[in-house]
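Below is one structure; the comments refer to it alone.
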Amino acid sequence: MQRLTLTMITLPPDYRPSDDEEFMNPLQTEYFRQKLLKWRAELLKEAGDTLASLSEGGIHEADITDRASVETDRALELRTRDRARKLIGKINLALQRVENGSYGYCEETGEPIALRRLEARPIATLSIEAQEQHERMEKTHRDD
Numbered sequence: 001m002q003r004l005t006l007t008m009i010t011l012p013p014d015y016r017p018s019d020d021e022e023f024m025n026p027l028q029t030e031y032f033r034q035k036l037l038k039w040r041a042e043l044l045k046e047a048g049d050t051l052a053s054l055s056e057g058g059i060h061e062a063d064i065t066d067r068a069s070v071e072t073d074r075a076l077e078l079r080t081r082d083r084a085r086k087l088i089g090k091i092n093l094a095l096q097r098v099e100n101g102s103y104g105y106c107e108e109t110g111e112p113i114a115l116r117r118l119e120a121r122p123i124a125t126l127s128i129e130a131q132e133q134h135e136r137m138e139k140t141h142r143d144d
C-alpha cells in the first residue's frame, strides 16, 4: 500500500480509472476522494432539506387519513435519513483510508479491490472474493 502525499492533483474532466494504470496511483486516489466527497455533500444536503421540511411545524391536515399519510411519510423520511447518517460515517472512514493510503485495498487480504467494485461501491472495504466468503460464513452461522 502506498502512502498518499497531499499534493494538489487536477483530474482531467473525462478521467476514469483504468486497469491499464498502476493501482491507486495519485489520479485514481484523487478520483475516488472527489467521488466520496461529492457523495457525502449530496447526502448532507438532502439531510438539511429533510430537517428544514420537518421543522416547518406540526401536521396541518384536518382529515385523519391525510394526517396518517403525512406521519407515514415523515417516519419513512426519518428512516432514510438514519441510513444516510450511517452511510456518511462509512464515507468518512473511506476518506480516512484515502488519506492514510489504505483505500482500495481489501481489509482482510490486503489485495487490491477491483476498480469496477469501487466505482459501484466506493466505500467497499473487502474484495469481491472476501465479501463472498464473509457472506457464506454469515449464512452458515445464521443457519445454525
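Each residue of the sequence shown is one higher than the one before, starting from 1 at the first, in UniProt numbering.
Using N, Cα and C, we set each Cβ at its ideal position, and we do this for glycine too.
By the neighbour-count definition (other C-beta atoms within 10 Å, threshold 16), Gly104 is a buried residue. For Ala120, the enclosing alpha helix (DSSP H) starts and ends at Leu115 to Ala120.
Check the Cα spacing between Arg81 and each of Glu46, Glu99, Pro112 and Ala130: the tightest is with Glu46. With a cutoff of 7 Å on beta-carbon distance, Leu95 and Leu36 are scored as near each other.
For Pro26, DSSP records no beta bridge to any residue.
At least 7 Å separates the beta-carbon of Arg40 from that of Ile113.
The alpha-carbon of Ala124 is positioned some 6 Å away from that of Leu118.
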